[in-house]
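Protein chains in written order, with the numbering used here: chain A, 784 to 1002; chain B, 9 to 489.
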Amino acid sequence: MTKESMYHELANSVLSFDADVVVQASRKGLEMGLGPTEIITDGLGKGLETIGKKFEEGEFFLMHLMAAADAVKTAMSEVLEPEMAKTNAETKPLGRVVIGTVAGDIHDIGKNIVAAMAIAGGLEVHDLGKDVPVAEFLRKAKEVRADIVGASALLSTTLPIQHDIVRAFDSERLRGNVKIMVGGAPVTEEWVREIGADSFAENASEAVKVAKQLLNAKS
Amino acid sequence: MRVGVEGGQLKILSTEDLDNLCLGVLNVLETHGVKIEHEGTLRFLNDIGATVDFRTQTACFPEHIVEESLRKAPKRVRLCGRDKGQDFLIEGKKAYFGSVGGATVLVDRETGERRSSRASDMAETARICDAMENIDYSMGLYSPLDAPREVQGLYEQDAVMSNTVKHSIIFAYHGSGVTRKQIEIAQLIAGGEDELRKRPIVSMYDESTSPFTFGENYVDALIEWVKEGLPLIAAPAPICGATGPITLAGEIVAGMAESIAGNVIAQFTRPGTPFVFGFVPLTMNMRTTLCQYGTPETMTLGIAQAQLAHHLEIPIWGTGGCTDSKTLDAQAFVEASMNLSTAAMSGQNLIHDVGLTESGKSGSQELIVVCDEIIGMLKRIMRGIHVDDETLAVEEMKNAKHGGSFLGLKHSLKFFESEHRIDSIMDRTFSYDSWKKAGGKTLVENVRDEIKKILKNHQVEPIPSDVRARIESIKTDSMKH
């Protein structure tokens, strides 16, 4: 089997939307002597790209994106990341994202979709979960040297916490290095301007695009 | 007393389907249960025989507990207004209608600008609801974003309850002691604890977080409220495909089970708590991730849960008069008409969301007024046709003679107003020319004029000034804590 046909098999495995198939293909790739980074970039990543394209074209739907992202995530954690740790392979992610649903709010479906899409988009994602205090966003962002912080809120009473987060990063003078994105049903462009966040997106695939734009502008 | 319109004409499930859905609900409650982020409640559920795992904070309910909780829940719920004439009784397949809260954006009627909502918008909306013939209870449609975050719930309550003599529904707001303060304000307006219990002029809507998660705030608000014996609407809003299963049957089982789990906590906290069951049927758009209110699936789910509620003889929450449209265009009125029709005709009891636009992000007072008219039309349809010798009118056909007219007959005079609804805001001018002469206005333009008139002329009996003063001090004191 040639490298090219293995890349092809890896990409196709993602289109099965089945974690077992992706895990198996990844193992096979390693056995063939491919490196984990190669498997991700030239194999699985291409599969995700195809799915992303078919989503844009209207052939695939959100659940296809999520299922594919989940399958790749499983292969990463079960097969590829352990291998990278073994070989001390340093992969530089496109960017590091810290994401969470703000304090007082436990509505996290939107945040979860964004996190999955960001992973599928090649970003390193640190998901803090839900009901996350402002200080925790700050702490984690410093710890992982985050490029982007994403804060999600659904309720009119928790929306203002996004403002608190912006202020907290302001007062620690971190805004040069860390871009803040906000999201959630009640978030509007006007709100983003009002609180001085860097950006927002209406939905998950848009969010990943916007995040990548922010990263490009940064570098 | 306000009279509900009798629904239940619309059915899509067989008795066998309904039995199977019930079995699904029992199954999921017994084997999967709900996560309850509230230690005290887990302990008490453990005591009454639920299977509690304190580590994962989950409680599973065996069949006998679920059945007992359903037996303890009243079949009929009486909701009262500050004015006794506005009281109504939820029972059987009777449908009642009202708005909602929670939207954060609106188009300012004066400036045409899109802006954040304020407490004063909620006060206005309550007054509009109060004036509408077919709106049975009042809500504020929006969120009071100009109020301090910690006390938004109190500003909402004050804005709504001070501007209506109809029954009010308020949202459960999160955080330390807000529910307690909401109860205090309600008692002040009702004239005391007992008075409020006897004539509950306000009920609370408390929404758990699907799938199957009862956050600490949800449980706190629920228990605080039902301890007072006040009516509670505990409806989750699972999004079909995202926070609920993709299949409609699965969504019904998940939504009803989550609501029924809330009832278990309520009925074992205070047996006989007036409890409105059900869920807000939402679906996720799998292209844009929009959480949808106006799709045919949401309506189908609504019809099904009404049938299930009748099957179980429990009062049911309903959804209608809302839209995914961003503006008051044809889509808005198509969706609002369809979901109001299916909600009413399936016999959902306490139908909410009238006036909600943009999938819950914004709200429109104009849409409330149009929906009032739609509901009026629906009531006419659902009243049906009275058939007897006199209405068969065979004699009148003879009186009119072959080729004659019925216009001048006494029979026509006698029955016109009871048989035909006189509408008010629909355009029924005779011709294009006469419509043009009358101003050539669209429905929405006419409705805006109507709203101006209502806000100018419709008076609501004010809350006595000493009570007002105390409400104000509760609002101010709460901010200090």
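Don't be surprised by glycine CBs; every beta carbon is placed ideally from N, CA and C. None of the values given here were measured: they were computed from a predicted structure.
Rounded to the nearest angstrom, the gap between the Cα atoms of Val932(A) and Gly310(B) is 39 Å. Close to Leu845(A), with beta-carbon spacing below 9 Å, are these residues of chain B in chain order: Gly249, Ala250, Met292, Asn293, Met294, Arg295, Thr296 and Thr297. For the segment 883 to 897 of chain A, residues whose beta-carbon sits nearer than 8 Å to a beta-carbon of chain B comprise Gly887, Ile889, His890, Ile892, Gly893 and Ile896. Of all C-beta pairs linking the segment 454 to 462 of chain B to the segment 362 to 380 of chain B, three or more are shorter than 8 Å, placing the two stretches in contact. Its chain contains Met353 as the residues whose beta carbon lies nearer than 6 Å to that of Gln17(B), once the 5 sequence neighbours on both sides are disregarded; these appear in chain order. Excluding the 5 residues flanking it on each side, Arg122(B) has same chain C-beta neighbours closer than 7 Å at Val113 and Val115, in chain order.
Counting along the chain, no alpha helix (DSSP H) covers Ala934(A); the unbroken beta strand (DSSP E) around it starts and ends at Ile931 to Ser935.
Among the CB atoms of chain B, none fall inside 8 Å of the CB of Ser982(A). Where Lys837(A) is concerned, the enclosing alpha helix (DSSP H) starts and stops at Gly828 to Glu839. In this chain, the alpha helix (DSSP H) harbouring Met846(A) covers Leu845 to Ala858. Residue contact check for Lys334(B) against chain A: no CB pair falls below 8 Å. The shortest C-alpha to C-alpha distance from Val455(B) to any of Val378(B), Asn407(B), Ala351(B) and Ala446(B) is the one to Val378(B).
Annotation: Tyr150(B) to Met867(A) spans about 51 Å, alpha carbon to alpha carbon. Our two residues, Glu861(A) and Leu817(A), have alpha carbons roughly 16 Å apart in a direct line. When 7 Å is used as the limit between beta carbons, Arg157(B) is near these residues of chain A: Thr940 and Pro943, in chain order. In this chain, the beta strand (DSSP E) harbouring Thr59(B) covers Thr59 to Asp61.
Contact between the segment 94 to 107 of chain B and the segment 11 to 26 of chain B is present: three or more C-beta pairs spanning the two stretches fall below 8 Å.
For Lys811(A), the enclosing alpha helix (DSSP H) stretches over residues Ala802 to Glu814.
Residue environment for Glu75(B): exposed (fewer than 16 other C-beta atoms within 10 angstroms of its C-beta). Contact annotation: Ala314(B) and Gly326(B) have beta-carbon atoms nearer than 8 Å.
The segment 52 to 140 of chain B is shown to contain whole beta strand (DSSP E) runs of 3 or more residues at 59 to 61, 66 to 68, 85 to 87, 96 to 98, 102 to 105, 113 to 115 and 122 to 124, in chain order. With a threshold of 8 Å between beta carbons, Pro969(A) makes contact with chain B. When Cβ-Cβ separations below 8 Å define contact, Gly368(B) makes contact with chain A.
For Asp910(A), the enclosing beta strand (DSSP E) stretches over residues Glu907 to Asp910.
Here the alpha carbons of Tyr226(B) and Leu162(B) stand approximately 17 Å from one another.
A distance below 6 Å between beta-carbons, with the five flanking residues on each side excluded, links Leu238(B) to the following residues of its chain, in chain order: Pro208.
From the beta-carbon of Gly841(A), the residues of chain B found nearer than 9 Å are Arg295. At a cut-off of 8 Å between beta carbons, Ala987(A) contacts chain B. Taken in chain order, the whole beta strand (DSSP E) runs of length 3 or more contained in the segment 168 to 192 of chain B are 175 to 179. Taking 8 Å as the cut-off, the Cβ atoms of Thr291(B) and Cys248(B) count as close. Sequence-ordered contacts of the segment 98 to 119 of chain B with chain A read Gly110, Thr112 and Val113 [C-beta pairs closer than 8 Å]. Around the C-beta of Glu381(B), 16 or more other C-beta atoms lie within 10 Å, and the residue is accordingly described as buried. Close to Gln160(B), with beta-carbon spacing below 7 Å, are these residues of chain A in chain order: Ser939 and Thr940. Per DSSP, reduced to three states, the secondary structure at Met212(B) is strand.
In this structure, the alpha-carbon of Phe843(A) lies about 11 Å from that of Ala851(A). Take the alpha-carbon of Ala242(B) and the one of Leu31(B): they are about 21 Å apart.
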